[in-house]
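Contents: one structure, followed by commentary.
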Amino acid sequence: MGVRVLKPGMSTTIQDRGRYGYYSVGIPPSGSLDQFSSFAANLLVGNPDEAAVLECTYLGPQLLFEAPCVVAVTGADLPPLVNRVPRPLWESFEVSEGDVLSFDYLTAGARAYIAFSGGIDVPEVLGSRSTYTLGSMGGINGRVLAEGDWIALGPVDGSRVGRAVPEALRPTHPYQREIRVMMGLFDHRLTATGRETFLGTDWRLTPVADRTGFRYQGAELEFKDRTPPFGAGSDPSNIVDAPYPIGSIQVPSGIEPIVLHRDAVSGGGYCMVATVIGADMDDVGQSPPNITTRFVEVDLETALQARRDREARFARLREELA
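Residue numbers (the working numbering): 52 to 373.
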């Protein structure tokens, strides 16, 4: 049983919860940029949490079903169509053999997630089916989907049509966002003015926004004068190479902050002036170009409470869809 790719969309990849334990040797976690929406899509069709889904960026694919299946689409407001007839977002629906799933135009957000009853049956690489294109691993030959690809699906178990995520648990996609950050590890390299500029600017997301990083424009940050230490470059934002946490923000030459996401390299020579808290990384992943973002400083306890709140939201969704 499987699905044939008639049109691949702009950048559609197979993703799951991610590949962990290898970042220290340069292999990032990958996995869905919006973990909540991916999790919800799997729950809607009765899949286990670790099942793989399709992550669709900006433009959805066109898929031909070779057997009946239960499907759910979550994440961005990318309306699904079956044989050109609208189907609901955030709700499981049935497709029949020979049906074609396509999508209308994106209206909000950036990435939609398609779950199929039974999950996507591709080999695991280092414990995950997630596609990491820079390393050519996972998914289908380590790349984005292409026209003519065949996606194998696993056996169906426990799917149900008409299961829906309550409105109160569905994320929204505002055009202006506040993303919470903890300052550091190298914010001491900024002057007081540079720090104020970073936190006080309405940053606009550029079209350079993918699974590796999200680049913003809006101001220039001022760094303190210094003699570069041995091993660091001459750029004011250079440091001796250090590991990069997922969500860390580097600002090469003081312009265009870059939020590193789930396919980012594990280290390098640019200082990290701040790090997005884990609870807000889904929001970064759902940011389309030209969106306005304000980075808001929080302390450790606030970040930990946000993590607890996020875990409680996952638990509540599981209870609602049990």
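Backbone N, C-alpha and C define an ideal beta-carbon position, used for all residues, glycine too.
For residue j and residue i, the rounded distance between their alpha carbons
i	j	result
Ile309	Ile300	5 Å
Gly77	Leu114	34 Å
His312	Phe265	8 Å
Pro296	Gly319	11 Å
Val291	Ser317	14 Å
Ala159	Phe237	34 Å
Gly189	Arg70	10 Å
Arg55	Pro112	10 Å
Ala287	Gly298	Correcting the residue identity first, residue 287 is Pro in this sequence and not Ala. The straight-line gap from Cα to Cα measures roughly 21 Å.
Phe116	Val133	10 Å
Residue i, buried or exposed, once every other Cβ within 10 Å from all chains shown has been counted against 16
i	result
Asn13	Past the boundaries of the shown model lies residue 13; the chain is included only from 52 to 373, so the question cannot be answered.
Ala260	buried
Val124	buried
Phe281	exposed
Asn341	exposed
Ala197	exposed
Gln66	buried
Met61	exposed
Glu370	exposed
Reference residue i, options the options, closest by Cα
i	options	result
Tyr321	Trp141, Gly336, Glu307 and Asp314	Glu307
Trp201	Ala219, Gly189, Arg240 and Asp172	Asp172
Gly82	Arg138, Leu140 and Glu175	Glu175
Ala357	Pro99, Met332, Tyr226 and Gly251	Met332
Gln337	Phe346, Tyr164 and Met52	Tyr164
Glu362	Gln86, Ser147 and Tyr73	Gln86
Asp334	Ser304, His239 and Arg221	Arg221
Gly170	Ser62, Cys120, Val216 and Pro294	Cys120
Asp148	Met52, Val207 and Val195	Correcting the residue identity first, residue 148 is Glu in this sequence and not Asp. Ranking the options by Cα distance to Glu148, first place goes to Met52.
Leu94	Arg214, Arg277 and Asp314	Arg214
Asp276	Gly284, Val302 and Thr242	Thr242
Ser168	Leu152, Pro206 and Tyr156	Pro206
Gln268	Thr344, Ser210 and Glu218	Thr344
Arg262	Leu272, Leu84, Arg211 and Thr223	Leu84
Leu256	Thr182, Pro339 and Val195	Pro339
Thr184	Pro80, Leu132 and Ser75	Pro80
Arg364	Gly235, Ser153, Met323 and Val216	Val216
Any chain B beta carbon closer than 8 Å to residue i
i	result
Gly169	The structure shown contains no chain B; it holds only a single protein chain.
| With contact counted as at least three CB pairs below 8 Å, one residue from each stretch, are the segment 226-233 and the segment 324-332 in contact? | yes
| Whole beta strand (DSSP E) runs in the segment 58-98 with 3 or more residues, listed along the chain? | 63-66
| task | Inspect the CB distances between the segment 332-352 and the segment 134-149 and report whether three or more fall short of 8 Å. | result | no
| message | Report the start-end ranges of each beta strand (DSSP E) in the segment 227-276 that is 3 residues or longer and not cut off at the edges. | response | 227-234, 254-260 and 264-268
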